[in-house]
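Take a look at the structure below.
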Amino acid sequence: MQTRTLGSNGLRTSALGLGCMGMSALYGRTDRAESVATIHAALEAGVTLLDTGDFYGMGHNELLINEALRTAPAARREQALTSVKFGALRTVEGGFTGIDGRPEAVKNFAAYSLQRLGTGHIDIYRLARLDPAVPIEETVGAVAELVKAGHVRHIGLSEVGAGTIRRAAAVAPVSDLQIEYSLISRGIEDEILPVCRELGIGVTAYGVLSRGLISGNWSRERELAPGDFRGMSPRFSGENLDRNLDLVEALRRVADGKGITVAQTAVAWVLSRGEDIVPLVGARTRERLAESLAALDVTLDADDLEAIEQAVPAGSAAGDRYPAAQMAHLDSEK
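Residue numbers (UniProt numbering): 1 to 334.
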């Protein structure tokens, strides 16, 4: 497995990470046995970074990772790194009611996550979304206290803008920013990515297949399962979906020319953007995981990158990446 370093504090991880959210929430029906098997397959392949959130299935995802790690070979279990997002407030029905970044809440969230994960520490801990009522300095300061106490190893950020990144980094060393980055979500290239590089902060890129939209496996006729949040996503709706799938077909022609899949092309493109970027693949099955892992063997030369750029130009996606109410919570979009 190829490795990359996240941030100037030297956190070494696999070049691809596994995003585990879909194994517990937001994509409809889940399969616990297949989810555990997929995590095991990822660990066996050398994937070390497992990304989760304490609010994914209201703790279900952390307990799932606990089960997968407990039943994995000891050598693989010891290499695993946990990346945890916190702060999202949920209802019994699954709704989101806000973000809590208060220092006392940070320490409370961490205590529960450590119990659910069954680990002695969390490797990377990050606020899921900026709490507009709490200065980022206070939230990051609380995580820094957890680092000092040995409960957390590294401080991360999630979906925040350049100004917030600077303020956070002035309080304590930050390993990485987790943010959406893909062929059709390239907003970070303007200001956020340059600031991260200036400050020595890595990027863990989620949504590299845009929730399956640019995987090459989506179709206009696909019916969504109950509870699948893509039913509310602007990019999966109406004329937006038609336009975006046209982009996928243009990308497919490039992929076919290289003898690889559309998904592998999309993942390889994110990998090509810099050694300080670690894509998170949200594979829910061993089959999809294997397809994404094969992207590590793909080399994109200058001609390939130009062909991809022509197929999917920056800014060509139709629709926002979240519904309006969720976009309002993204400091990275302000």
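Ideal Cβ placement from N, Cα and C applies to all residues, glycine included. In this text the structure is predicted, and so the values were computed from the model without any measurement.
Local conformation of residue i per DSSP, three classes
i: H154; result: strand
i: L146; result: helix
i: G257; result: helix
i: G212; result: helix
i: R4; result: strand
i: D320; result: coil
i: V248; result: helix
i: A314; result: coil
i: D303; result: helix
i: A328; result: coil
Rounded separation between residue i and residue j - CA only
i: H40; j: I201; result: 29 Å
i: E249; j: A169; result: 41 Å
i: L280; j: S185; result: 14 Å
i: E223; j: M327; result: 25 Å
i: Q178; j: E221; result: 32 Å
i: G231; j: S237; result: 7 Å
i: D320; j: A74; result: 43 Å
i: F86; j: F109; result: 7 Å
i: P135; j: R90; result: 22 Å
i: G227; j: G28; result: 5 Å
i: T261; j: I214; result: 11 Å
i: E306; j: P313; result: 10 Å
i: G150; j: E104; result: 17 Å
i: I165; j: D131; result: 14 Å
i: H154; j: E239; result: 42 Å
i: G315; j: R70; result: 43 Å
i: E44; j: L241; result: 36 Å
i: A324; j: L330; result: 10 Å
i: L50; j: P234; result: 28 Å
i: A72; j: Q310; result: 43 Å
i: G156; j: S219; result: 35 Å
i: I192; j: L199; result: 11 Å
i: L296; j: N244; result: 25 Å
i: T5; j: D276; result: 6 Å
i: T82; j: I122; result: 6 Å
CB-CB length for residue i against residue j, believed under 8 Å
i: residue 344; j: A263; result: No statement about residue 344 is possible, as the shown extent of the chain runs from 1 to 334 and does not include it.
i: N66; j: L117; result: 5 Å
i: N9; j: S158; result: Not confirmed; about 18 Å, so no contact.
i: V84; j: G57; result: Actually they are not in contact, since the Cβ atoms of V84 and G57 sit about 14 Å apart, beyond 8 Å.
i: R284; j: S35; result: 7 Å
i: R167; j: E137; result: 6 Å
i: V195; j: A162; result: 4 Å
- Identify every run of the alpha helix (DSSP H) within the region 10-67, keeping only runs that are complete inside it and at least 4 residues long; order them along the chain. 32-44
- Query: Counting only runs that start and end within the region 59-139, where is the alpha helix (DSSP H) found for 4 or more residues in a row?
  - Reply: 60-70, 74-79, 103-117
- Query: Hey, is the region 292-301 in contact with the region 2-19, meaning 3+ C-beta pairs nearer than 8 Å?
  - Reply: yes
- Query: Which whole runs of the alpha helix (DSSP H) in the region 157-187 are 4 residues long or more, in chain order?
  - Reply: 162-169
- Task: Would you list, in sequence order, the uninterrupted beta strand (DSSP E) runs of no fewer than 3 residues that lie entirely inside the region 259-293?
- Result: 277-281
- Message: In chain order, what are the residue ranges of uninterrupted alpha helix (DSSP H) at least 4 long that sit wholly in the region 190-234?
- Response: 192-199
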